[in-house]
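So for the sequence shown, this note's numbering puts the first residue at 36; every next one is plus one.
A quick write-up on the structure given underneath.
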Amino acid sequence: MFVYADQNFLIRCADTSDGRDAVIPAHKSGKATLVLSPMHFYEIGTVREDCFERTLRFVEEIQPAWILNRADILLQEFLCEWDRFWKHGNPEFEPIGDLAHVASAMHRKPRERFLGLTPRDFIEPFRDPASNQELLDVFKMNAIAHNENRSRYKVGDITPKVLHEVERRFVATQLARVNERGPYLQELNDRVNKLLDSEFSSTHISIFVENGAMKRLKAYSVESLLTSDRWAGNAKPNESRQVDRDHAVVSLAYCDIFVTSDLELRKYCEQVRGKSAFPLASVVGCEEWIEYLRTI
Numbered sequence: 036m037f038v039y040a041d042q043n044f045l046i047r048c049a050d051t052s053d054g055r056d057a058v059i060p061a062h063k064s065g066k067a068t069l070v071l072s073p074m075h076f077y078e079i080g081t082v083r084e085d086c087f088e089r090t091l092r093f094v095e096e097i098q099p100a101w102i103l104n105r106a107d108i109l110l111q112e113f114l115c116e117w118d119r120f121w122k123h124g125n126p127e128f129e130p131i132g133d134l135a136h137v138a139s140a141m142h143r144k145p146r147e148r149f150l151g152l153t154p155r156d157f158i159e160p161f162r163d164p165a166s167n168q169e170l171l172d173v174f175k176m177n178a179i180a181h182n183e184n185r186s187r188y189k190v191g192d193i194t195p196k197v198l199h200e201v202e203r204r205f206v207a208t209q210l211a212r213v214n215e216r217g218p219y220l221q222e223l224n225d226r227v228n229k230l231l232d233s234e235f236s237s238t239h240i241s242i243f244v245e246n247g248a249m250k251r252l253k254a255y256s257v258e259s260l261l262t263s264d265r266w267a268g269n270a271k272p273n274e275s276r277q278v279d280r281d282h283a284v285v286s287l288a289y290c291d292i293f294v295t296s297d298l299e300l301r302k303y304c305e306q307v308r309g310k311s312a313f314p315l316a317s318v319v320g321c322e323e324w325i326e327y328l329r330t331i
């Protein structure tokens with residue numbers, strides 16, 4: 036059983052022996068494998084000083100499994116379905132692995148390059164505010180795009196034609212990301228537009244979308260439902276909510292349990308679970324999960 040935990044749960048375990056004493060044996064035995072993602076690098080790295088070392092030491096002690104970040108899961112999931120659709124084989128991808136597996140996907144370099152590195156190697160750079168600027172710029176651009184889309188498409192205004200174009204652009208974006216070497220958004224957008232302007236690639240993209248292949252993308256469906264629910268509400272897509280979205284997409288799609296006591300996030304996750312055509316992770320609170328671990 037793969038159990039994805041948010042930052043507050045990690046702090047809870049780092050700060051209290053009862054949480055740690057329940058989580059570590061369950062993880063070591065394989066009954067409830069703790070899973071973290073690269074978004075935890077940023078969250079742990081930017082936590083207040085008095086929590087930083089305790090939380091990091093807990094992560095180092097438990098040696099969690101790691102799941103690909105949201106962007107890489109969306110990409111790998113899509114590429115597998117794209118190859119199956121065009122009869123290029125029946126590939127599978129592994130969303131969960133060790134730290135080197137996740138780092139390899141993030142940096143587009145061989146896994147062997149990251150063997151021997153520890154969570155501290157990835158987390159400590161975020162203690163320097165200057166190292167966070169690139170990610171903060173992405174949060175800012177995402178917020179602008181979210182607000183523009185919400186103002187453009189009110190609830191009920193996302194027609195089949197609009198949805199078709201949204202899905203075509205998603206496909207083009209994933210194809211454009213295959214050989215990317217960094218978050219160069221303008222270059223990525225240029226490649227996306229070239230793919231959509233090309234008759235050959237645009238036709239293949241339309242065939243993929245129009246034959247229902249998007250319905251087989253589990254993480255994409257979670258992301259779409261979360262986005263739709265966010266558009267329907269008035270909550271601003273601030274940094275915290277964007278981090279929550281990353282946690283929700285990867286955990287709901289590819290883990291068994293998502294542990295969080297964030298009531299707003301749990302509400303949105305339950306809405307997605309109720310609408311999804313896929314079986315998704317159950318969402319439980321921190322104390323509820325610790326109590327359950329004591330029974331197994």
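In this text, a Cβ means the ideal position worked out from N, Cα and C, and glycines have one as well.
Please read these numbers as outputs of a predicted model, since none were measured by experiment.
Query                                                                                                                      : Result
Can you check whether the CB of S286 is closer than 9 Å to the CB of V70?                                                  : yes
Find out if the Cβ-Cβ distance for the pair I102, S139 is shorter than 9 Å.                                                : no
Per DSSP, A336 forms a beta bridge with which residues?                                                                    : In the structure displayed, the chain extends from 36 to 331; residue 336 sits before or after that span and is not available.
Measuring only the C-alpha atoms, how far is V278 from E222?                                                               : 24 Å
Please determine, among D41, G309, Y77 and E112, the residue with the shortest C-alpha to C-alpha distance to M249.        : E112
Going by C-alpha to C-alpha distance, which of K253, R251, R280 and F120 sits closest to T262?                             : R280
Using the beta-carbon count (16 or more within 10 Å), is T238 buried or exposed?                                           : exposed
Could you name the residues that DSSP lists as bridge partners for A100?                                                   : V70
Which partner residues does G80 have in the DSSP bridge list?                                                              : DSSP output for G80 lists no bridge partner at all.
Measuring CA to CA, which of F44, L114, N273 and R251 is closest to A312?                                                  : R251
Put V284 into one of helix, strand or coil per three-state DSSP.                                                           : helix
Which residue comes first and which comes last in the beta strand (DSSP E) that contains S241?                             : Note, S241: premise wrong, no beta strand (DSSP E); alpha helix (DSSP H) at E234 to E245.
Going straight from the alpha carbon of H62 to that of C321, what length do you get?                                       : 15 Å
Could you tell me which residues DSSP pairs with S263 in its beta bridges?                                                 : Answer is none; S263 lacks a bridge partner.
Taking its Cβ as the centre, do 16 or more other Cβ atoms sit within 10 Å of I331, making it buried, or is it exposed?     : exposed
Does the distance from the CB of I79 to the CB of P154 come in under 9 Å?                                                  : yes
In three-state terms, what does DSSP make of I131?                                                                         : strand
Would you kindly report the start and end of the unbroken alpha helix (DSSP H) that includes Q213?                         : Note that residue 213 corresponds to Val in the displayed sequence, not to Gln. Counting along the chain, V213 falls outside any alpha helix (DSSP H), and DSSP gives it neither H nor E.
Per DSSP, V201 forms a beta bridge with which residues?                                                                    : Note: V201 sits in no beta bridge, so no partner.
For C30 versus V38, is the C-beta distance shorter than 9 Å?                                                               : With the chain represented from 36 up to 331, any question about residue 30 goes unanswered, as that position is not in the structure.
Is the separation between the beta-carbon of I158 and that of H75 shorter than 9 Å?                                        : yes
Can the beta-carbon of H136 be found closer than 9 Å to that of R148?                                                      : no
So what does DSSP say about S311, is it helix, strand or coil?                                                             : coil
Got a sec? Which residues, its chain only, sit under 6 Å from V227 by beta carbon, not counting five neighbours each side? : A207, T208 and A211
Taking the alpha helix (DSSP H) that S52 falls in, what are its first and last residues?                                   : S52 to S64
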